[in-house]
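Student:
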Amino acid sequence: MIKIDKDEVLTVSIVSQRLKGIIPEDYKWPNVPEGYQLEFIVHPDGTLIMDLLNPDRGMFISEAENVHFETPRTVKNAPLTWQDLEKAGVPFMS
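Numbering (full-length UniProt numbering), first residue to last: 1 to 94.
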């Protein structure tokens, strides 16, 4: 298992590299506006979502602009899980 740095700023480049082989190569990552960073959030029911966080404002883009992103699925078309993220060394919130 890869050690996870919970303070790491996630970029699409970093996450797509770490999840290579876990999610399809043709997955279309969102464009991340300046001032935002990619975040994965695990809900109490185990559902994993992807959002963009503006750490200076402490606000997710889904709250500010009412947009939602398609969380990637695995190459087997299964939902991506926190276990997949942990194995790949991608930090997440819970």
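Glycine residues also receive a C-beta, built at the ideal position from the N, C-alpha and C atoms. Since we're looking at a predicted model, the values are computed, not measured.
1. How would you write the range of the alpha helix (DSSP H) that aspartate 84 sits in, first residue to last?
2. By a C-beta neighbour count over all protein chains shown, 10 Å radius and 16 as the cutoff for buried, is valine 15 buried or exposed?
3. Have a look at isoleucine 23 and threonine 47 and give me their C-alpha separation to the nearest angstrom.
4. Of the choices Phe92, Lys87 and Pro33, whose alpha-carbon is the least far from that of arginine 18?
5. Report whether the distance from the Cβ of asparagine 66 to the nearest heavy atom of the ligand SAH is below 6 Å.
6. Count the other C-beta atoms from every protein chain shown that fall within 10 angstroms of the C-beta of methionine 50, then say buried if there are 16 or more, exposed otherwise.
7. Quick one: what does DSSP say arginine 73 is sitting in, helix, strand or coil?
Tutor: Here's the rundown:
1. 82-88
2. buried
3. 17 Å
4. Lys87
5. Of ligands this structure carries none, so the ligand SAH is not represented either.
6. buried
7. strand
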